[in-house]
């Protein structure tokens, strides 16, 4: 859903910011979310590198890649 992005002249919707304990919890959850996203991106890059290396080494160099399953 675009939420009004495609409508000419539509004003942007401002996010609701909470105060007090709920605001602290909201900020903490946003910080944790960013951390998990960064961790996931790094893990995905490592997994892609391991898989690519495994394919090249197994078929081009004829080397065993038993360690890739543990990674």
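Numbering (our numbering), first residue to last: 42 to 112. Here a beta-carbon is modelled for each residue, glycine too, at the ideal position from N, C-alpha and C. These figures come from a predicted structure and were not determined experimentally.
Residue 50 - DSSP class collapsed to helix/strand/coil
coil
Out of 74, 68, 78, which one is the CA nearest neighbour of residue 60?
68
What's the C-alpha gap between residue 112 and residue 103?
20 Å
Using the three-state DSSP reduction, which class does residue 103 fall into: helix, strand or coil?
coil
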